[in-house]
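Trainee:
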Amino acid sequence: MSAHAAPAKLIARPVDRLQGRVRAPGDKSVSHRSLMFGALALGETKITGLLEGEDVLATAAALRALGAQVDHEGGGAWRVRGFGVGGAREPDNVLDLGNSGTSARLLSGILASHRFTSFMTGDASLRRRPMQRVIVPLSQMGARFEAREGGRMPLAIVGTDEMVPIEYRLPVASAQVKSAILLAGLNTTGETTVIEPEATRDHTERMLRHFGAEVRVLPAEGGGKRITVVGWPELKARDIVVPGDPSSAAFAVVAAAIRPGSDVTVENVGLNPLRAGLYDTLREMGADITAENQREVGGEPVADLRVRGGELQGVEVPPERAPSMIDEYPILAVAAACARGTTRMLGLAELRAKESDRLASVSAGLAVNGVKHEMGADTLFVHGTGAAPAGGGTVVTHLDHRIAMSFLVLGLASRDGVAVDDGSPIDTSFPGFARLMGALGARIEAA
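Per this note's numbering: the sequence shown ends with 452, consecutive numbering throughout.
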């Protein structure tokens, strides 16, 4: 949420069905990385389809402060003239990253490998999120940090251009921490290696190769992957087409799947296999989802998803699937609330370190809308009846865009509608969400 946005209470009212075609907004993860790699490259990178949400705009502003030329040409088209690996300048002011944890963690890797001191902050939600996960490995490489208790922002980064390469095993699967280390490794002599116990989204590795870096991905002893980047490459500008965001498309897909009689097509959905766990789960629940017009966009698999509404069944979602759908558990809980039987979600500890404690936020939202469930330390069991949930409650979002959008979708399938206390954070990742859903027949309005 922008620093000056006033809370905006929204309510979603029940609808019989949804119909139509909409286009998924640009992928947030790819959008952040396309701007950053354009800045780290020599020459001019043209980006089309960029998500123009507040989180991505925070990344663009930070890169300008570091010396990149970042120009918006309209319609999702941007041009970035980079400063090259190791060529960032010391920012004149504090870098305010708003609500964007991706910006904060990935930029930490870039800032740590430059010989200057920089300062980073964000909104109230981001200042609560732990940065210790990136502070530990980047400190091992030679940078120094000053932060509040638990590694929380505001954060001072005392960088160095004499970073040492490390081999670092991630204690928890995290694409953001992996990416921060690999970005620091670009400006480090030798080879920097990250060992991940479970596969996480691989947009950074794909984009490193796209811009000319040498990256090796090999099986790790005992399971997982070893990702190695060779330092001091000369990255060269490359054009990027940003695919549609599967995490954003999920809201329209689930909204259609839980309303019998619905027929919705969401165009341009990125289906990177390390991001597609939700869609696998929905199909296991019986959702009628067809991938049409399958193609490749910017090195990423893409398709148009046609969804026909019907009855869903509860399933068990294994913990090893969590990295491929970590952002989608709130909207999966909504699907589970409308399904028949119990859906068991396991291995959800990472949800507690998101924009809010998402596991607790989802549990509270279900409770206030009459959905029976049990929450554990890293589990959520949702007991669906196959009938419309009662609804009628107001969900506290804790400035979390995904909590807001998920429970607005629940409202469309409920008996009495669902309100959220503040819909303004939605603009961080999905500007125009209510308008897009409205084009399909949803009723989302100011409360």
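The beta-carbon is built from N, C-alpha and C at its ideal position, and this holds for glycine as well. Nothing here was measured: the structure is a model prediction, and the numbers come from that model.
Have a look at A82, D166, L102 and R110 and flag the residue whose alpha-carbon is nearest the alpha-carbon of G94.
Mentor: Note that residue 94 is Arg in the sequence shown here, rather than Gly. Nearest C-alpha to R94: D166.
Trainee: Ignore the nearest five residues each way along the sequence and tell me which others in L175's own chain have a CB closer than 8 Å to its CB.
Mentor: Cβ neighbours of L175 beyond the five flanking positions: V182, K183, V199, I200, E201 and P202.
Trainee: Near A8, what residues of its chain come up, given a Cβ to Cβ distance below 7 Å and the 5 sequence neighbours on each side ignored?
Mentor: In this predicted model, A8 has a pLDDT of only 43, less than 50, meaning its place in the structure is not dependable enough to derive any value.
Trainee: Residues in the same chain with beta-carbon distance under 7 Å from G346, minus the five sequence neighbours each way, listed in chain order, please.
Mentor: Here the set comprises Q318, G319 and G389.
Trainee: In chain order, what residues of the same chain have a beta carbon less than 6 Å from the beta carbon of V75, not counting five sequence neighbours either side?
Mentor: Excluding sequence neighbours, V75 sits near A65, L68, R69 and V85.
Trainee: Would the stretch 339 to 355 and the stretch 33 to 52 be scored as touching if the rule is three or more Cβ pairs under 8 Å?
Mentor: With a cut-off of 8 Å, the stretch 33 to 52 and the stretch 339 to 355 do not count as touching, because too few Cβ pairs lie within range.
Trainee: So which of L445, V20 and A13 has the shortest CA-CA distance to V271?
Mentor: It is L445.
Trainee: Which one or two residues does DSSP pair with V220 in a beta bridge?
Mentor: Answer is V234.
Trainee: I'd like to check one pair, V259 with I336: are the Cβ atoms closer than 7 Å?
Mentor: In this structure, V259 lies closer than 7 Å to I336 by Cβ.
Trainee: Where does M41 fall in DSSP's three states?
Mentor: In the structure shown, M41 sits in a helix (DSSP, three-state: H, G or I).
Trainee: Quick one: using the 10 Å Cβ neighbour count with 16 as the cut-off for buried, is G190 buried or exposed?
Mentor: Buried, because 16 or more other Cβ atoms sit within 10 Å of the Cβ of G190.
Trainee: Would you call P12 buried or exposed, if buried means 16 or more other Cβ atoms sit within 10 Å of its Cβ?
Mentor: Under this definition P12 is an exposed residue.
Trainee: From the DSSP output, in three-state form, read off K3 for me.
Mentor: Coverage of the chain is limited to positions 6 through 452, which leaves residue 3 absent and any answer about it impossible.
Trainee: Which residues mark the beginning and the end of the alpha helix (DSSP H) in which P430 is found?
Mentor: Careful: P430 lies outside any alpha helix (DSSP H) and carries neither H nor E.
Trainee: The beta strand (DSSP E) spanning S130 covers which residue range?
Mentor: Taken as a continuous stretch (DSSP letters only), S130 belongs to no beta strand (DSSP E), being part of the alpha helix (DSSP H) at A129 to R133.
Trainee: Who pairs with A17 in a beta bridge, going by DSSP?
Mentor: According to DSSP, A17 bridges with V423 and I449.
Trainee: Tell me whether the beta-carbon of V269 lies closer than 7 Å to the beta-carbon of P251.
Mentor: Cβ distance not < 7 Å, so V269 and P251 don't count as in contact.
Trainee: DSSP three-state call for G31: helix, strand or coil?
Mentor: Residue state, collapsed to three classes: strand.
Trainee: Looking at F412: is its Cβ nearer than 7 Å to the Cβ of V423?
Mentor: Going by C-beta atoms, F412 is nearer than 7 Å to V423.
Trainee: What does F150 pair with, by DSSP beta-bridge criteria?
Mentor: According to DSSP, which records beta bridges pairwise, F150 is partnered with I162.
Trainee: Using the beta-carbon count (16 or more within 10 Å), is R363 buried or exposed?
Mentor: That one is buried.
Trainee: Would you mind reading off the limits of the beta strand (DSSP E) that contains R454?
Mentor: In this structure the chain extends from 6 to 452, so residue 454 is not present and cannot be described.
Trainee: Tell me the DSSP bridge mates of A82?
Mentor: In the DSSP output, where bridge partners are listed per residue, A82 has G79.
Trainee: Taking all protein chains shown into account, do 16 or more other C-beta atoms lie within 10 angstroms of the C-beta of M6, making it buried, or fewer, making it exposed?
Mentor: With a pLDDT of 39 at M6, under the threshold of 50, the modelled position of that residue is not reliable, and no figure is offered here.
Trainee: Pick out the complete alpha helix (DSSP H) segments inside the stretch 358 to 421, 4 residues or longer, and give them in chain order.
Mentor: You should have 363 to 373 and 406 to 418.
Trainee: Please report the residue range of the alpha helix (DSSP H) in which P335 lies.
Mentor: Looking at the DSSP string, the run of the alpha helix (DSSP H) that includes P335 is Y334 to C343.
Trainee: Using only the alpha-carbon positions, how far apart do I408 and S253 sit?
Mentor: The alpha-carbon atoms of I408 and S253 are separated by roughly 12 Å.
Trainee: My assumption, with CB atoms under 8 Å, is that A148 sits in contact with V163. Please give the rounded CB distance.
Mentor: Their Cβ separation, rounded to whole angstroms, is 6 Å, which keeps A148 and V163 in contact under 8 Å.
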